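Going by numbering that gives the first Met the number 0, the sequence shown runs without a break in its numbering and finishes at 341. Backbone N, C-alpha and C fix where the C-beta goes; we use that ideal spot for every residue, glycine too. Note that the structure is predicted; figures quoted are calculated from it, not measured. Below is one structure, written out as structure tokens; the observations come after it.
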Amino acid sequence: MRQLTAKGPNQVEWVEVPDPELTSPKAAMLRPVAVGVCDFDRGLVSGRYSTLPFPIALGHEIVAQVVETGAEVKTLRQGQHVILPLHISCGECAPCTGGHTNSCDARKPLSNYGLGAAGGNWGGGMSDLLVVPYADAMAVPMPEGFTPADCAALGCNLVDLHRTMQPHLQAFPDPHVLIVSGHAGNMALYGVVMARALGIRKIDFLDDDERRLQAAASLGATTVRMGQPLRKEGYPIVVDCGADPERLAIALASVAKDGVCTPVWPYPGTAAVPIGQMFRKNVTLITGQPHARAHMDPVLRLMAKHGFGSKSIPVEVLPWDSADQLFGRGEVKRIFVRDSLP
Ligand SMILES: [Zn+2]
Ligand SMILES: [Zn+2]
0 MRQLTAKGPN
10 QVEWVEVPDP
20 ELTSPKAAML
30 RPVAVGVCDF
40 DRGLVSGRYS
50 TLPFPIALGH
60 EIVAQVVETG
70 AEVKTLRQGQ
80 HVILPLHISC
90 GECAPCTGGH
100 TNSCDARKPL
110 SNYGLGAAGG
120 NWGGGMSDLL
130 VVPYADAMAV
140 PMPEGFTPAD
150 CAALGCNLVD
160 LHRTMQPHLQ
170 AFPDPHVLIV
180 SGHAGNMALY
190 GVVMARALGI
200 RKIDFLDDDE
210 RRLQAAASLG
220 ATTVRMGQPL
230 RKEGYPIVVD
240 CGADPERLAI
250 ALASVAKDGV
260 CTPVWPYPGT
270 AAVPIGQMFR
280 KNVTLITGQP
290 HARAHMDPVL
300 RLMAKHGFGS
310 KSIPVEVLPW
320 DSADQLFGRG
330 EVKRIFVRDS
340 LP
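Spelled out as structure tokens, the structure:
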């Protein structure tokens, strides 16, 4: 089969690889039909994020069609469209049943699609075939009224932004939220969409990129240019999409007392943290990948209620075959679709 592969920085090619096999009765074989490019993929392809060994089969924001199901798969049928979370999770172990699906005991840490050997070689969405090992637990049927492209960003970006805000709304029912934008700027824009869907009325969006600032304003955020003053009292909820230790420092310094800051970027090394200032303000810093599968159902309910999706920020929907030239490049969110899917 054909698989989009990053062989090294800025070296993306279609390669022929053996078809994957169904090795478990709980697994299903899928044919990916729409795949979103995550801001992380842009860092991976450009070499900006350089800690993962190549080659890497690309794509972890995946909508796919069911081709074949294992004997124990109960919830899926052939031809159905399903949405995948970016991680592998079994749905049955203690972490999974407790909602910590990214800490699933049934597989190694970092078991993601689209991360290559570091992620356990689960393959990537930009492939003709892909195995979902725990089909009933992982694959979520695509709801009516949405296209594959609408749902492509659900399994990573949308669930990630959901977990940065929704769990804190009980403590802060009418919060003033700060979204620090930057290299993960498309995620920052999804943050504005998610905040609005969650009923958050006050959203400050910090960036120095004119295009993103305009997009954030049109989505309903108040824009703040880098260097301009932020809210004096701070923000109870801060989302760091800066993907840069300097912007992380701004994010942490901007948290209000008892507030929480969640970076969505996987900072690979060390970064300075103003622990004394955070201690004095009872600030919480949350790090780690989202528990993607656990957040998919609540995000789908929000999508159905408010009618948003992957295309609610500026996106380029592009033909599948062009991905060797276009995957991971460019600033605007990209979604690759097969054939003439909308
Ligand atoms: Zn991602
Ligand atoms: Zn599990």
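Complete runs of the alpha helix (DSSP H) confined to the stretch 243-285 [at least 4 residues]:
244-252 and 274-279
> Cα separation between residue 272 and residue 253?
Replying inline: Position 273 of the sequence shown, counted from the first residue, corresponds to residue 272. Position 254 of the sequence shown, counted from the first residue, corresponds to residue 253. Distance between the alpha carbons of residue 272 and residue 253: 13 Å.
Would you mind working out which of 264, 12, 146 and 163 sits nearest residue 337, comparing C-alpha positions? Within the sequence shown, numbered from 1, the residue matching residue 337 stands at position 338. The option with the nearest alpha carbon to residue 337 is 146.
Proximity below 7 Å, CB of residue 221 to CB of residue 212:
As a position in the sequence shown, residue 221 is number 222, starting the count at 1. As a position in the sequence shown, residue 212 is number 213, starting the count at 1. For residue 221 and residue 212, no; Cβs fall outside 7 Å.
What does residue 28 pair with, by DSSP beta-bridge criteria?
Counted from its first residue, the sequence shown places residue 28 at position 29. In DSSP, residue 28 forms a bridge with 67 and 130.
Open item on the list: As a quick check of your reading: which residues have a C-beta less than 5 Å from at least one non-hydrogen atom of ligand 1, in chain order?
Closed with: 37, 39 and 155
Query raised in the report: Is residue 105 near ligand 3, in the sense that its beta carbon is under 6 Å from a heavy atom of that ligand?
Result: Annotation note on ligand 3: not contained in the displayed structure, which lists ligand 1 and ligand 2 as its ligands.
Who pairs with residue 48 in a beta bridge, going by DSSP? For the purposes of this step, residue 48 is taken as the residue at position 49 of the sequence shown. DSSP, once it has assigned bridges, lists no residue as partnering residue 48.
Exercise. Which value, in whole angstroms, describes the spacing of the CA atoms of residue 108 and residue 67?
Worked result: In the sequence shown, the residue the question calls residue 108 occupies position 109. In the sequence shown, the residue the question calls residue 67 occupies position 68. Using only the alpha carbons, I get a separation of about 27 Å.
Q. Can residue 89 be considered in contact with ligand 2, in the sense that its beta carbon sits closer than 6 Å to one or more heavy atoms?
A. For the purposes of this step, residue 89 is taken as residue 90 along the sequence shown, with counting starting at 1. Yes.
Quiz item: For residue 324, which residues of its own chain have a beta-carbon under 7 Å away from its beta-carbon, when the five flanking residues on both sides are left out?
Solution: For the purposes of this step, residue 324 is taken as the residue at position 325 of the sequence shown. So no residue of the chain qualifies.
Exercise for review: Taking only runs that begin and end inside the stretch 283-325, name each unbroken beta strand (DSSP E) of 3 or more residues, in chain order.
Suggested key: 314-318
Ligand 2 heavy atoms versus the CB of residue 404: any closer than 6 Å? Examination of residue 404 is not possible in this model, given that the chain is present from 0 through 341 alone.
Just to confirm my understanding: we take residue 78, look at its own chain, exclude 5 residues before and 5 after, and list those with CB closer than 7 Å. What are they?
Along the sequence shown, read from residue 1 onward, the residue named residue 78 stands at position 79. Cβ neighbours of residue 78 beyond the five flanking positions: 64 and 65.
Taking 6 Å as the cut-off, is the C-beta of residue 346 nearer than that to any heavy atom in ligand 2?
Since the first residue of the chain shown is 0 and the last is 341, residue 346 is not available in this structure.
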